[in-house]
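In this note's numbering, the protein residues as written are 548 to 1033. Backbone N, C-alpha and C define an ideal beta-carbon position, used for all residues, glycine too. As the structure is a computational prediction, the values presented were derived from the model and not from experiment. Structure, as structure tokens:
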DNA sequence: TTTTGAGTTGTTCGA
DNA sequence: GTCGAACAACTCAAA
């Protein structure tokens, strides 16, 4: 037998947002290296700064860790759980175990990158090997650049450049066995990730966190909805989308596995959305301040309203616009909202109520089980018109026509706004226009059983167009006219 | 260097 | 009911 002593020194695998065994390059490399493997998760919200994990995501994290822990145990390893700052936690572990290497998969959020730099510096000081791998993305920031060597700021050319490179689909199998090491840590319960008040019942019914749940979800999507994705993806009243977002966010499955599973023309439209996720991560990397600041600086002066009542009505799903309220209640109840409806509610907050997009981003951050800093930031900036590929200023969603177009029978509204369930579909998206007799028959009393619209959309649209014109510096009737020097 | 064409997801109005 | 045009100007990407 070879007797190189260093071959048997333990290797720590630091799990972050890559809670899977298949196609997990850090884990595979550690196993291949030989010697004991110490998988570790360190709960360190203080390392995340302003964007520490929200309540719904913490719920998911709890069960994702539970699932990962079981899978590792089945292979012979043991997930060590800790809390506190990652750099100091890893330092202690390296010293306690005599580990000679720490492997992990990269994350791209600004705070996560700072955390990683601190870990690298610590390891260098300790004389321990630190190696980072790519598990999260098809292409990491810097791999897809425009002709001038800079980052793309428009999606379509970025997308074409990705396709030209070929979407990576090679994956690594899960290890068959792992040489473990007994090491004491915290119990999962000690992290107190689950809510103290019991509000997660419906979330639990809707989702199965963990690698097996992710695989099952992808199977379901690949066998059915993917074929009609382009038509059905806009229908919140149908099961037409993949619902992969929380699994992807927590790395219970990686994008390469998705590309591998969905090869073929039928999935092109869906894979385009996966590339949007890539684009969002690249943008966040190159423009890290966009989590809080508009990408386009003229929006710093945008005349936002401080409308506390409006914000609360929006959060609770009591705006009086059924499509908006249905979405907000689906979010609150299940930790997720259909993407089409995300655009509708976001447009309503930002354009109809003129409430800052950051406020909406924060609410989503706390309530979504798939809250992802890159995707969330890109989505909200796009809606507000201040981000990459920004919406033209005149693109203001009409919550009524969007409802009639994408929830034509009102089934989605009926599910999430049950007090309107008996309204005929003719009026379900605009109950304030329904004849009194129709309302009475349906048991709807506006202002009592369901709110009247908190703002008139036509008025709000005009107001938003005016505010946008002013922010952009175009002339406005109320502004002093510049003297023309003719 | 200059020029040209394109740019996720919309709405409204008038023919 | 359906259809096309108008709704700004600007930035980005690439020829």
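Note: residue 559 is bridge-paired with 585 and 649 in the DSSP secondary-structure output. The shortest CA-to-CA distance from residue 555 to any of 681, 648, 911 and 561 is the one to 648. Contact annotation: residue 944 and residue 890 have beta-carbon atoms nearer than 8 Å. When DSSP states are grouped into helix, strand and coil, residue 610 belongs to the helix group. Taking the CA atoms as reference points, residue 899 sits about 6 Å from residue 1008. Counting along the chain, residue 570 sits inside no alpha helix (DSSP H), nor does DSSP assign it H or E at all. No residue range can be given for residue 599, since it is assigned to no beta strand (DSSP E) and is classified by DSSP as neither H nor E.
Following the DSSP letters along the chain, one finds residue 768 in no beta strand (DSSP E) but inside the alpha helix (DSSP H) bounded by residues 758-770. Beta-bridge annotation (DSSP): residue 997 is paired with 993. In the displayed model, residue 680 falls within a strand according to three-state DSSP. Under DSSP, no beta-bridge partner is assigned to residue 954. Here DSSP, grouped into helix, strand and coil, assigns residue 590 to strand. Remark: three or more beta-carbon pairs, one from each stretch, lie closer than 8 Å, so the region 923-934 and the region 830-847 are flagged as touching. With respect to residue 653, residue 686 sits apart: the two C-beta atoms are not nearer than 8 Å. Collapsing the DSSP output to three states places residue 629 in a strand.
Check the Cα spacing between residue 597 and each of 912, 964 and 1018: the tightest is with 912. Across the structure, residue 755 and residue 1013 are spaced so that their CA atoms are roughly 46 Å apart. DSSP places residue 881 inside the alpha helix (DSSP H), whose first and last residues are 869-881. For residue 806, the enclosing alpha helix (DSSP H) stretches over residues 802-808. Your pair residue 733 and residue 563 does not check out as a contact, with CB atoms roughly 17 Å apart and the cut at 8 Å. DSSP, read as helix, strand or coil, puts residue 900 in coil. Here the region 851-870 makes contact with the region 995-1003; the two share three or more CB pairs at distances below 8 Å.
A Cβ-Cβ distance of about 6 Å is found for the pair residue 976 and residue 870, placing them in contact under the 8 Å criterion.
Note that the C-beta distance between residue 570 and residue 718 is below 8 Å. Scanning its chain for C-beta atoms nearer than 8 Å, with the 5 sequence neighbours on each side dropped, one finds around residue 774 the residues 813, in chain order.
For residue 698, the pairing in a beta bridge is given by DSSP as 692. Contact check for residue 626 against residue 615 passes: the beta carbons are separated by less than 8 Å.
With respect to residue 985, residue 971 sits close: the two C-beta atoms are nearer than 8 Å. Looking at 948, 842, 633 and 902, the one whose alpha-carbon comes closest to that of residue 700 is 842. Around the C-beta of residue 783, 16 or more other C-beta atoms lie within 10 Å, and the residue is accordingly described as buried. Residue burial annotation: residue 766 is exposed, with fewer than 16 other C-beta atoms found within 10 angstroms of its C-beta. Counting only the Cα atoms, residue 768 lies some 6 Å from residue 789.
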